[in-house]
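First residue of the sequence shown? That's 212 in my numbering, and the numbers climb one at a time after it.
Reading through the structure tokens given below for one structure.
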Amino acid sequence: MTAEHMMFSVRNLNLKVMGADLNALLVDNSSGSVTYTSNLFNTDTVNRNLKLSDNNRNVTYVKENQSYPDHPDRFDQNHQLLCRDGLTGRCYWEVEWSGGVHISVSYKRISRRGERNDSWFGGNPQSWSLFTDGGYSIWHDTKGTSISSCSSSSSVSGRVAVYVDCPAGILSFYRVSSDKLIHLHTFNTTFDEPLYPGFGLWSWSYLSLASSVRLCSLQK
Numbered sequence: 212m213t214a215e216h217m218m219f220s221v222r223n224l225n226l227k228v229m230g231a232d233l234n235a236l237l238v239d240n241s242s243g244s245v246t247y248t249s250n251l252f253n254t255d256t257v258n259r260n261l262k263l264s265d266n267n268r269n270v271t272y273v274k275e276n277q278s279y280p281d282h283p284d285r286f287d288q289n290h291q292l293l294c295r296d297g298l299t300g301r302c303y304w305e306v307e308w309s310g311g312v313h314i315s316v317s318y319k320r321i322s323r324r325g326e327r328n329d330s331w332f333g334g335n336p337q338s339w340s341l342f343t344d345g346g347y348s349i350w351h352d353t354k355g356t357s358i359s360s361c362s363s364s365s366s367v368s369g370r371v372a373v374y375v376d377c378p379a380g381i382l383s384f385y386r387v388s389s390d391k392l393i394h395l396h397t398f399n400t401t402f403d404e405p406l407y408p409g410f411g412l413w414s415w416s417y418l419s420l421a422s423s424v425r426l427c428s429l430q431k
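Below is the structure:
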């Protein structure tokens, strides 16, 4: 079964389970059962130019430093944050975005210091990222590739879906348009550690919009 077929199966399942609101992440573990987890933002990792709201499900870039306490896990320069729980199974989530954002997965050991490549999502071997700001590009270990078929504003939606099968080494990004999933890119690799969803918000945007990300709840 291809990553594209698996994604459609998982999304259809999400929309039907018990008719209840679903949390931000779906985890389908190796036994085949499906559980749901509320994988909210990890407040200890949030850069001080990022403002949280909506019970830690929404993050927005702001110029004013927020009064977060010092913590060794906090990104001190890059406008980034990680989610709370590491993922090891088959997982799916959706986010809404505006402005210029990185939608990423990362190992927990990514650097939190400075603005070097080892701390940027997509700038090192520890992270994989989709960047969107009027178009799409994918990044890993400083190597970026534009997704030319989605470069026009008419083909860019404000919602992205992510599917990862950690044991199989599959990471796929999709744009969500009119409740349809349109494949953007699939990484085929080997994941040696739990993966943490992460997000980077740029202080400027080609679209002149405030950069923000919201974790979506999937509904019937």
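Quick reminder that beta carbons are idealized off the backbone N, C-alpha and C, glycines included.
Predicted model only: the values in this text are computed from it and were never measured.
Going straight from the alpha carbon of residue i to that of residue j, what length do you get?
i: P336; j: L426; result: 25 Å
i: S322; j: G333; result: 12 Å
i: V387; j: R370; result: 5 Å
i: T397; j: N267; result: 28 Å
i: V312; j: V424; result: 8 Å
i: D376; j: G300; result: 6 Å
Does the separation of the CB atoms of residue i and residue j fall below 7 Å?
i: N276; j: E326; result: no
i: R324; j: D281; result: no
i: L406; j: L292; result: no
i: F384; j: L341; result: yes
i: N250; j: D296; result: yes
i: L395; j: Y347; result: yes
i: S422; j: G345; result: no
Could you check which residue in the options has the C-alpha nearest to that of residue i?
i: W339; options: P280, T401 and W308; result: T401
i: G380; options: N399, L392, L395 and H394; result: N399
i: L382; options: L251, C302, Y272 and S278; result: C302
i: N258; options: W331, S309, W308 and S348; result: W331
i: T256; options: C294, I314 and S278; result: C294
i: N442; options: V273, Y279 and K274; result: Look at the range of the chain in this structure, 212 to 431, and you will see that residue 442 is not part of it.
Strictly by DSSP, which residues pair up with residue i?
i: W308; result: V424
i: D376; result: R301 and I381
i: N399; result: I381
i: Y347; result: T343
i: G369; result: DSSP lists no partner for G369.
i: P408; result: V316
If residue i sits next to residue j, beta carbons under 8 Å apart, how far is it from one beta carbon to the other, in whole angstroms?
i: P378; j: W304; result: In fact, because the Cβ distance is near 18 Å, the residues do not count as touching under 8 Å.
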